[in-house]
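Accompanying notes for the structure given below.
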Amino acid sequence: MRFALAFLLGLLCVVHAQTISVKNWQSHPAILEIRGIYADVNTLIAQQKLKLEAKTFGYCPSWDLERKKYATANGIVRRYVKAGGSDDSAVTFDHTYDALGRLRFVLVKAGAVNNTQLEQRWYFNSNGKSLWVDRRMTGPGYTFSDADFLREMVWNPKKAFTAAPPC
Numbered sequence: 008m009r010f011a012l013a014f015l016l017g018l019l020c021v022v023h024a025q026t027i028s029v030k031n032w033q034s035h036p037a038i039l040e041i042r043g044i045y046a047d048v049n050t051l052i053a054q055q056k057l058k059l060e061a062k063t064f065g066y067c068p069s070w071d072l073e074r075k076k077y078a079t080a081n082g083i084v085r086r087y088v089k090a091g092g093s094d095d096s097a098v099t100f101d102h103t104y105d106a107l108g109r110l111r112f113v114l115v116k117a118g119a120v121n122n123t124q125l126e127q128r129w130y131f132n133s134n135g136k137s138l139w140v141d142r143r144m145t146g147p148g149y150t151f152s153d154a155d156f157l158r159e160m161v162w163n164p165k166k167a168f169t170a171a172p173p174c
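In terms of the numbering used here, the sequence shown opens at residue 8 and continues consecutively.
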């Protein structure tokens, strides 16, 4: 019995530690866990079990002109959305946090006047390490960069929500 239990635990660890690849990312246990967190937060929002606070700032070229924060009764932010743009493009960052307030998923949607549409899904483990990025783009392309998106992601949503306006 102990051998069988040890074998199963070992197998589970191997499957969970399996490298995420193009072939397995959609069914990988780590990605499925994050999708579960995302679905749970969506349910909490639909059931109005999270408190919504929002701020909007006047126009200036920034990806931080609109802020929305969805938090539990005890103040843990589970969703943080920020959006903005310039005269020729716009970006929305939809962040999802786990029950401990750790960033686990970011959906980035970006568009430009040249009809470029970009959608990226960033998956993070509980330590904040990027596990996978799913990228989809239509149109001729634009100067959006992963480095810019990473720099704009919100790891501390309480601090970000109360930060001074961008301009």
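Ideal placement from N, C-alpha and C gives every residue a C-beta, glycine not left out.
- Counted as a single uninterrupted DSSP element, the beta strand (DSSP E) harbouring D71 occupies residues S69 to A78.
- Excluding five sequence positions before and after I41, the CB atoms of its chain that fall closer than 7 angstroms to its own CB belong to R111, F112 and Y130, given in chain order.
- Between T103 and A90, the C-beta spacing is not below 9 angstroms.
- Apart from sequence neighbours up to five positions away, the residues of its chain that approach F168 with a beta-carbon distance below 6 angstroms are R74 and K76, ordered along the chain.
- Looking at the DSSP output, T63 shares a beta bridge with E73.
- A straight line joining the alpha-carbon of S96 with that of L57 spans about 31 angstroms.
- Boundaries of the alpha helix (DSSP H) around G43: P36 to A53.
- According to the DSSP assignment, T103 belongs to the beta strand (DSSP E) that extends over S96 to Y104.
- Looking at the backbone, the Cα of A171 and that of P36 are separated by about 39 angstroms.
- Judged by their CB atoms, P68 and D94 are nearer to each other than the 9 angstroms cut-off.
- When the beta-carbon positions are compared, R142 and L125 come within less than 9 angstroms of each other.
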